[in-house]
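Heads up: the sequence shown begins at 949 in the numbering used here, then just goes up one per residue.
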Amino acid sequence: MIRFIKTILILFMFLGLSQIVLAQNVNPATVNVEKLSDVQIQKAVDEMNKRGLSIEEAIMMARAKGFSESQITDMRRRMDALKSGAHSNNAMVVEAGEEVSTVEVLSEKAELDDTITKKGSKIFGFQFFNSDKLTFAPSVNMPISDSYTLGIGDELVINIYGASQQIYKLQVQNNGSVYITDLGPVQVAGLTFFKAQGKIKKHLTSIYSGLRGDKPNTFVDVSAGQLKAINVNVIGEVNAPGTYTLPATASAFNALYLAGGPNEKGSFRQIDVLRDGNMISTIDVYAYLIDGKTLENVQLRDQDVIMIRPYLNRVKVAGEFKRQGWFEAKKDESLADMLRYAGGFSENAYTHRVELYRNNTRTMTFKDVAVQDFASTVLMNGDSIVAGLVIDRFENKVSIEGSVYRPGNYEMTEGLMLSQLIARAEGAKEEAYMERGVIIRKKKDYTFESLSFSLRDVLNGKTDIALMKNDKIQISSIFDMREAQTIEIVGEVQFPGTYAYAEDLKLADLIYMAGGFLEQAEVSAVEVSRILDKKEIESLTKKLSHSFQFPVDRQLKMTNEDAAFSLQSYDKVYVRRAPGYRPQAVVKVQGEVAYAGDFGLTFKGEKISDVLRRAGGVTPEAFVEGASLRRQHVMSDAEYDAKLALAKQDSTLNVEDVKRMTYQVVGIDLVKILANVGGVEDLQLKDGDQLFVPEQMQTVKVSGAVLSPVALTFKDNKSLRKYIRSSGGFAQSAKKSKVYVLYANGTAESTRGSIFGRRYPKVASGCEIIVPEKPQVDKTAQAGKWLGITSAVVSMFTAISIAIK
């Protein structure tokens, strides 16, 4: 049986012979069933029958190997058509012998290591071959040019139309020819596509007479079908050297893109393309990057070699250039050339000179290159050029600020006078201070001097001043020359605060501006506090201020005499709270009471028993002994700030734990309160208090340094030690002398010592027995401490012994 090459091997893979195809590195997704000839389809059917495979078995194996459903459908249709005697229009005639492969696996772009990318990113041109946004990936759909040279494996499509109609899909065989039915082989390998078209057309006239003559009735079109991929070797100073498989239409840039371009030692200016051992082109990538020229981007052929030479001269460009980094310079290229490669100077550059740092193989030398020497300064390998910033100094600028309509910077023209500058600033404002203005001027020794002038005299033309460059003119307003005049109102108004003072402002006007009185305001005595006037402060007295009081109606009506009182700047108005006003106070009653909820305090000094009576008293299920009271505590601004400052200084405290509002447990005995209403135990309630009466509790909780912390059933007359034994007993770290009991009402009682031993607190229902732990002791530090004491004692006795001798 004739041995089919890669195309037929792909078909056999469809029939289950995947091991053969995998050895050829063929991707199943690249198989185009429509392009297979009838001869190939028949060969596949024969092979399937030979191996005893049904078409369903072959399909199952094809799915397992990655063939798509569309490929499987096309294959079944081709097989059915072949059985029925129908033939495909895709007639491909091949010589008896080995068929040429038509399916190639193209190379993908090499992935570069992050280290390579980081180093190369500083080299100009590196991103050209390694950018996510710019790609030179080869295209398989690019039409070929007339100069393309045909090679073995390329496909030609010959379309005969007109009086005769026929389509040939021919492949260039290993002998360099295509075989045309009824005509024979036509040698085309090595010819350009244009010449091959002419040769094929000439041969076809021998079998299609309609092609001949001045008035042909048959026509021929020769186009390229699937072209055989080419292998190109990329060697030298390249990021990923190797052999790359590309489409036949690929160019040198396509191969360089796949190989990642030149590495950190490679040249972007001298990339040689070798064909059959001869150099056919030298590529300068800068020609494309700088000028957009693509003439040197030659089209590649099979077995071409791309050689990247090491760079000759590399120059560092830094400072105020549009592009910065490492640039490559050819022999005899100048600083002017490098300036063009760098895109020229930036907008802030000092362009009259650049700094040139040069490595002379032993030490560094510095050269100051003026603009006229840019073209004559030849660059060398390792040079570094730096462009500096233009200095922030103006030769022809003056500025005017303050009370003019157009303050800002102005051009210093020859002979510019102060009056002219004020006119260019559209004049002084109405509120300008007319008595004085100031010019700040820099002297020759770079110190500053102040020149004052009368703005009134300058505007009237009585005087004028010639300006100099960098002069700064300041014209103030009358408001700049005096303290800001304000007036303040505080207390029981809607919008207390500071307001701008206006002449002849009345007290009722200010209260109106502040939104009027609040409900709790005391309107019968609104007080105005006034500072001492200028005459009064000339002598030292005990007098601090003046005070006035006025009754003001809630509708802001006043007597004629009081209404005529005018406020002065810096007056402070106090609207106090009415003495009988009390904000609503609310306490919360929860738990086992008849009517739990919020209760408003009806009079000052209302007690626990009063509110409990309003709540309907306690329920039969109430655990009166465990009732507790939580009281709200709101810190003043001073208290809060002090605690916050302490927490910031003390590392043992947490700033987040400092809260402005907290709750404190107040220990109460509700049993005594109910037994003696109004007595000492019956506390007065405050706004925000929370009274909680729990339900009956039948457990005692044991926690802390015991072997098994647990909640136990409460039993009368059961001692504390028995509860601890029921929890496994004391742990080794327990501090037995500090055991305490926390009762349900929030109170606590600790263990007391006596001559008869420890007296533990009484246990009650709902309480918690807490066994604290002993503090951790650093034994190493203790040993060191005793060692120090021992040494000191020994030294003392030694000294005494010596003194006695």
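All C-beta atoms in this analysis are idealised placements derived from N, C-alpha and C, irrespective of residue type, glycine included. Computed from a prediction, not measured in an experiment: that's the story for all the values here.
Going by C-alpha positions, ASP1519 is about 6 Å away from SER1477.
In the three-state reduction of the DSSP assignment, VAL1613 falls in the strand class, which pools E and B.
Every beta strand (DSSP E) of 3 residues or more that sits fully in the segment 1218 to 1248 is shown, in chain order, as 1226 to 1231.
Across the structure, VAL1541 and GLY1439 are spaced so that their CA atoms are roughly 41 Å apart.
Non-local C-beta neighbours of SER1656 in its own chain, meaning closer than 8 Å and more than five positions away in sequence, comprise SER1675 and GLY1676, ordered along the chain.
A check of alpha carbon separations from GLN1113 across VAL1711, GLY1132, SER1157 and LEU1369 identifies SER1157 as the nearest. A Cβ-Cβ distance of about 5 Å is found for the pair ARG1306 and ASP1331, placing them in contact under the 8 Å criterion. Within the same chain, and ignoring the five residues on either side of GLU1103 in sequence, the residues whose Cβ sits closer than 6 Å to its Cβ are GLN1119, GLY1173 and GLN1174.
Following the DSSP letters along the chain, one finds SER1332 inside the beta strand (DSSP E) bounded by residues 1332 to 1335.
Note that the C-beta distance between GLU1281 and GLY1068 is not below 8 Å.
C-alpha of ARG1524 to C-alpha of ILE1621: approximately 39 Å in a straight line.
One alpha carbon belongs to TYR1394, the other to THR1361, and they sit about 22 Å apart. Inside the segment 1067 to 1140, DSSP marks whole beta strand (DSSP E) runs of 3 or more residues at positions 1103 to 1110, 1114 to 1119, 1125 to 1128 and 1132 to 1135, from first to last along the chain. Of all C-beta pairs linking the segment 1679 to 1691 to the segment 1704 to 1719, three or more are shorter than 8 Å, placing the two stretches in contact. DSSP, reduced to helix, strand and coil, places TYR1688 within a strand of the structure shown. Apart from sequence neighbours up to five positions away, the residues of its chain that approach ASN1602 with a beta-carbon distance below 8 Å are ALA1595, ordered along the chain.
Within 10 angstroms of the beta-carbon of PHE1513 lie fewer than 16 other beta-carbons, which makes it exposed. For the 8 Å CB-CB criterion, ALA1570 and VAL1641 form a contact. The alpha-carbon separation between GLU1059 and ILE1228 amounts to approximately 29 Å. Of ASN1344, THR1309 and LEU1283, the smallest CA-CA separation from VAL1326 is found for LEU1283. Around ALA1462, the same chain offers ILE1437, VAL1441, GLN1442, PHE1443, PRO1444, GLY1445 and TYR1447 as residues with beta carbons nearer than 8 Å, after the five sequence neighbours per side are excluded.
In the DSSP assignment, ILE1370 falls within the unbroken alpha helix (DSSP H) covering 1366 to 1372. With fewer than 16 other Cβ atoms inside 10 Å of its own Cβ, TYR1543 counts as exposed. With a 10 Å radius around the Cβ and a threshold of 16 neighbouring Cβ atoms, TYR1611 comes out exposed. In the three-state reduction of the DSSP assignment, ASN1202 falls in the helix class.
Taking the Cα positions, LYS1607 is about 13 Å away from ALA1593.
Three or more Cβ pairs drawn from the segment 1413 to 1430 and the segment 1373 to 1392 lie within less than 8 Å of each other, which places the two stretches in contact. Taking a C-beta distance under 8 Å as the contact criterion, PHE1551 and ARG1562 do not qualify as a contact pair.
Here the alpha carbons of HIS1494 and PHE1465 stand approximately 24 Å from one another.
In the three-state reduction of the DSSP assignment, LEU1601 falls in the coil class, being assigned neither a helical nor a strand state.
Of the residues LEU1515, PRO1499, MET1255 and PHE1401, the one whose Cα lies closest to the Cα of LEU1453 is LEU1515. For ASN1211, there is no enclosing alpha helix (DSSP H), as DSSP gives it neither H nor E.
With contacts defined by Cβ atoms closer than 8 Å, LYS1684 and PHE1678 form a contacting pair.
By the Cβ criterion, the segment 1630 to 1644 is in contact with the segment 1572 to 1584, since at least three pairs of Cβ atoms, one from each stretch, lie closer than 8 Å. Beta-bridge partners assigned by DSSP to LEU1577: VAL1614 and LEU1639.
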